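S.K.: Under the numbering used here, think of the first position of the sequence shown as 19, with each following residue one higher. We put the CB at the ideal spot given by N, CA and C, even for glycine. Bear in mind the structure is a predicted one, so any value in this text is a computation, not a measurement.
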Amino acid sequence: MKVALTTLGCKVNQFETETMEGLFKKRGYEVVPFEECADVYVINTCSVTSLGDRKSRQIIRRAHRENPQAIIAVCGCYAQVAPDEIKAIEGVRVVLGTKERVHIVDYVEKAMHEDGIQGTITDIMQAKTFEDIPLYDSPERTRAFLKIEDGCQNFCSYCIIPYARGPVKSRLPEHVRREAEKLVAMGFKEIVLTGIHLGAYGRDLPEDVTLADACREVLSVKGLKRLRLGSLESIELSPELFQLIREDERFCAHLHLPLQAGSDKVLRDMNRHYDTEEFARLIEHVEKEVPGVAVSTDIIVGFPGETEEDFQQGLDFVEKMNFARMHVFPYSRRTGTPAAARKDQVDEAVKKERVHRMQALADRKSEEFHKSFIGRDMRVLFETAKDSITDGLTDNYIRVYTDDAVKCGDIYTVHIDKLWRDGVFAHCVR
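What follows is the structure, given as structure tokens:
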């Protein structure tokens, strides 16, 4: 039996798809590319935006056209918050939310022999424990994602994820270490810790456990070359984390700290738990504590009620920050969130124009950051090769290209020569 899996959305979703792929392999299924004809299709959906919902529906229908007899299993955030919409799509035979994926193969095989739609959607708000599904074998990547937390209780006014993922649930520290040991044994040089609300790791555990403790568990694994953190809230940076980043050279000098808006009024409307002055102070502290650190961020443009003055305040604030990379998104109305119910939605044409202006600033800030490293030696984990060019990342998340003979999955010291594409071009020095 052939199974094909695909992922929409974040790195957490990508990790979860890899664990489900392992469950199918353990049962003897052959995993094939999603574009091929398969007996089973698994679509791990995203519901961060209405566009994510639409893409999910399109992919489900495409799979059904490819093989009308196939079992189509749909899981993830969109399936959790809108299961009836998923069940109404022709060809869907299994629907799971963001829990019970450990049983996905059982539900698929039940669907092969019984009529109707299989699966279960649990009350995610009552979920209290982390669904711990170990990786079965090595994903085909050079960096390994390790999910250590699920759920979020921030309830930002634009975000559906707390309703799709439920409250904070943390992986036990000893299980974090066990999975890290397995990943290093598979040959991975870098592990990226991921979670829906990563900075909240440990809050649900009976012991006094924090994200810094999870990092220590991973850093204790012999053979690990790099540890990187996924997205964090700036207000959750602790002195313990700073100390680890400073003292252990394997801890990557890169932090992704979502700003979301550079206007205090918009931040309040978003139900974010800081203002621009506090955010700037935290970033200044980060740069002082970790020299050369790369801080990347997310910006949402066109939030309901955002005036031209609000947007200009955002541009002015970003101009003062030393962001290495910015992900700029137009606000997407998400049914079921407070922001979607507001009457002061920003016109789509205005949003598009503001995204263009913010993205232009983001590109310039990124170029300035990259330019500051020309002439320096950096360590690079190379990842992909195409047409005699190989590229990879420095520990502070600069994309580096070279035409030297390097092996993907290995770390090399390079000399940065010039700006190139979305990063820099370099040559190996040893």
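So Val-123 packs on Arg-45, CB below 8 Å; how close in whole Å?
M.R.: As a first step, residue 123 must be located in the sequence shown, where it is residue number 105. As a first step, residue 45 must be located in the sequence shown, where it is residue number 27. The Cβ separation is near 5 Å, so the contact holds.
S.K.: State the Cα-Cα distance for the pair Thr-37 and Gln-331, rounded to the nearest angstrom.
M.R.: Taking the sequence shown and counting its residues from 1, one reaches residue 37 at position 19. Taking the sequence shown and counting its residues from 1, one reaches residue 331 at position 313. Approximately 43 Å, taken between the alpha carbons.
S.K.: So, for Arg-343: in the same chain, excluding its five sequence neighbours on each side, which residues have a beta-carbon less than 6 Å away from its beta-carbon?
M.R.: Within the sequence shown, numbered from 1, the residue matching residue 343 stands at position 325. Counting only Cβ-Cβ distances below 6 Å, and skipping sequence neighbours, we find Ser-314, Ser-384.
S.K.: Starting from Leu-437, follow its DSSP beta bridges and name the residues at the other end.
M.R.: Here the question's residue 437 lines up with position 419 in the sequence shown. Val-442.
S.K.: For Thr-63, name the three-state secondary structure that DSSP assigns.
M.R.: Counted from its first residue, the sequence shown places residue 63 at position 45. Three-state DSSP puts Thr-63 in a strand.
S.K.: Please confirm whether Asp-293 and Pro-322 have their CB atoms less than 7 Å apart.
M.R.: Translated into positions along the sequence shown, residue 293 becomes position 275. Translated into positions along the sequence shown, residue 322 becomes position 304. Not closer than 7 Å, so no.
S.K.: Excluding the 5 residues flanking Arg-417 on each side, which residues of the same chain have their C-beta closer than 7 Å to its C-beta?
M.R.: If you number the sequence shown from 1, residue 417 lands on position 399. Asp-409, Leu-411, Asp-440, Gly-441, listed in sequence order.
S.K.: Applying the 10 Å Cβ sphere with the 16-neighbour rule, what's the burial state of Ala-106?
M.R.: Locating residue 106 in the sequence shown gives position 88, counting from the first residue. Exposed: under 16 other Cβ atoms inside 10 Å.
S.K.: What's the gap between the Cα of Val-50 and the Cα of Glu-265?
M.R.: Locating residue 50 in the sequence shown gives position 32, where the first residue counts as 1. Locating residue 265 in the sequence shown gives position 247, where the first residue counts as 1. Between Val-50 and Glu-265, the C-alpha separation is close to 43 Å.
S.K.: Any contact of the stretch 282–291 with the stretch 226–239, i.e. 3+ C-beta pairs under 8 Å?
M.R.: They do not touch, by the three-pair rule.
S.K.: Does Ile-388 pass the burial test, meaning 16 or more other C-beta atoms within 10 Å, or should it be called exposed?
M.R.: Counting from one through the sequence shown, the residue named residue 388 turns up at place 370. In the sequence as presented, Ile is not what sits at residue 388; that position holds His. By the 10 Å Cβ count, His-388 comes out buried.
S.K.: Among Pro-348, Glu-132, Glu-296, which one has its Cα closest to the Cα of Asp-316?
M.R.: Taking the sequence shown and counting its residues from 1, one reaches residue 316 at position 298. Of the listed residues, the one whose Cα sits closest to Asp-316 is Pro-348.
S.K.: Just confirm the distance between the C-beta atoms of Arg-183 and Thr-116, as a whole number of angstroms; I'd bet it's less than 8 Å.
M.R.: Along the sequence shown, read from residue 1 onward, the residue named residue 183 stands at position 165. Along the sequence shown, read from residue 1 onward, the residue named residue 116 stands at position 98. 6 Å between Cβ atoms; contact.
S.K.: May I ask you to list the residues that DSSP assigns as paired with Gln-278?
M.R.: Position 260 of the sequence shown holds residue 278. According to DSSP, which records beta bridges pairwise, Gln-278 is partnered with Ile-317.
S.K.: Around the Cβ of Thr-402, are there at least 16 other Cβ atoms within 10 angstroms (buried) or fewer (exposed)?
M.R.: As a position in the sequence shown, residue 402 is number 384, starting the count at 1. Exposed is the call here.
S.K.: Please name the residue, chosen from Ile-61, Tyr-176, Leu-190, Lys-128, that lies closest to Pro-152 on a Cα-to-Cα basis.
M.R.: One-based indexing of the sequence shown puts residue 152 at position 134. Per the Cα distances, Leu-190.
S.K.: Figure out for me which residue from Leu-41, Cys-28, Lys-43, Ile-89 has the closest Cα to the Cα of Asp-57.
M.R.: Locating residue 57 in the sequence shown gives position 39, where the first residue counts as 1. Nearest C-alpha to Asp-57: Ile-89.
S.K.: I want to know whether the stretch 126–133 touches the stretch 69–88 - three or more CB-CB distances under 8 Å.
M.R.: With the cut-off at 8 Å, the stretch 126–133 and the stretch 69–88 do not touch.
S.K.: In three-state DSSP terms, what is Ile-77?
M.R.: Stepping through the sequence shown from its first residue, residue 77 is reached at position 59. Ile-77 falls in the helix class under three-state DSSP.
S.K.: Where do the ends of the beta strand (DSSP E) carrying Asp-362 lie?
M.R.: Your numbering for residue 362 matches position 344 in the sequence shown. Counting along the chain, Asp-362 falls outside any beta strand (DSSP E), and DSSP gives it neither H nor E.
S.K.: So, does the stretch 199–215 touch the stretch 370–379, judging by three or more C-beta pairs under 8 Å?
M.R.: Segments in contact, no.
S.K.: Ignoring anything shorter than 4 residues or poking outside the stretch 252–298, list the alpha helix (DSSP H) runs there in chain order.
M.R.: For the stretch 252–298, whole alpha helix (DSSP H) runs of length 4 or above, ordered along the chain, are 257–265, 282–288.
S.K.: I need the DSSP call for Gln-136, collapsed to helix, strand or coil.
M.R.: Locating residue 136 in the sequence shown gives position 118, where the first residue counts as 1. DSSP places Gln-136 in strand when its eight states are reduced to three.
S.K.: If you run the structure through DSSP and keep just helix, strand and coil, what is His-215?
M.R.: The residue given as residue 215 occupies position 197 in the sequence shown. Three-state DSSP puts His-215 in coil, outside helix and strand.
S.K.: Is Glu-118 helix, strand or coil when you go by DSSP?
M.R.: Translated into the one-based positions of the sequence shown, residue 118 becomes position 100. Correct three-state label for Glu-118: coil.
S.K.: At which residues does the beta strand (DSSP E) containing Ile-166 begin and terminate?
M.R.: As a first step, residue 166 is located in the sequence shown; it is residue number 148 there, counting from the start. Start and end: 161–168.
S.K.: Specify the secondary structure class of Val-447 as computed by DSSP and reduced to three states.
M.R.: The count along the sequence shown starts at 1 and reaches residue 447 at position 429. Coil, per DSSP.
S.K.: Could you have a look at Asp-409 and say whether DSSP puts it in helix, strand or coil?
M.R.: The residue labelled residue 409 in the question sits at position 391 within the sequence shown. Three-state result, Asp-409: strand.
S.K.: Taking the DSSP output, what are the residues bridged to Ser-188?
M.R.: By 1-based counting over the sequence shown, the position of residue 188 is 170. Ser-188 is bridged to Glu-167.
S.K.: Between the Cα of Leu-250 and the Cα atoms of Leu-259, His-215, Glu-225, Gln-278, which residue gives the shortest distance?
M.R.: Here residue 250 refers to the residue found at position 232 of the sequence shown. Considering only alpha carbons, the answer is His-215.
S.K.: Counting C-beta neighbours from all protein chains within 10 Å, is the total for Asp-71 16 or more, i.e. buried, or is it exposed?
M.R.: On the sequence shown, residue 71 is found 53 positions in, with the first residue counted as 1. Asp-71 should be labelled buried.
S.K.: Do Val-210 and Arg-161 have their C-beta atoms within less than 7 Å of each other?
M.R.: Here the question's residue 210 lines up with position 192 in the sequence shown. Here the question's residue 161 lines up with position 143 in the sequence shown. Against a cut-off of 7 Å, the Cβ pair of Arg-161 and Val-210 comes out as a contact.
S.K.: When you compare each of Cys-55, Asp-413, Arg-372, Val-120 to Glu-39 by their alpha carbons, which one comes out closest?
M.R.: Numbered from its first residue, the sequence shown carries residue 39 at position 21. Measuring from the Cα of Glu-39, the nearest candidate turns out to be Val-120.
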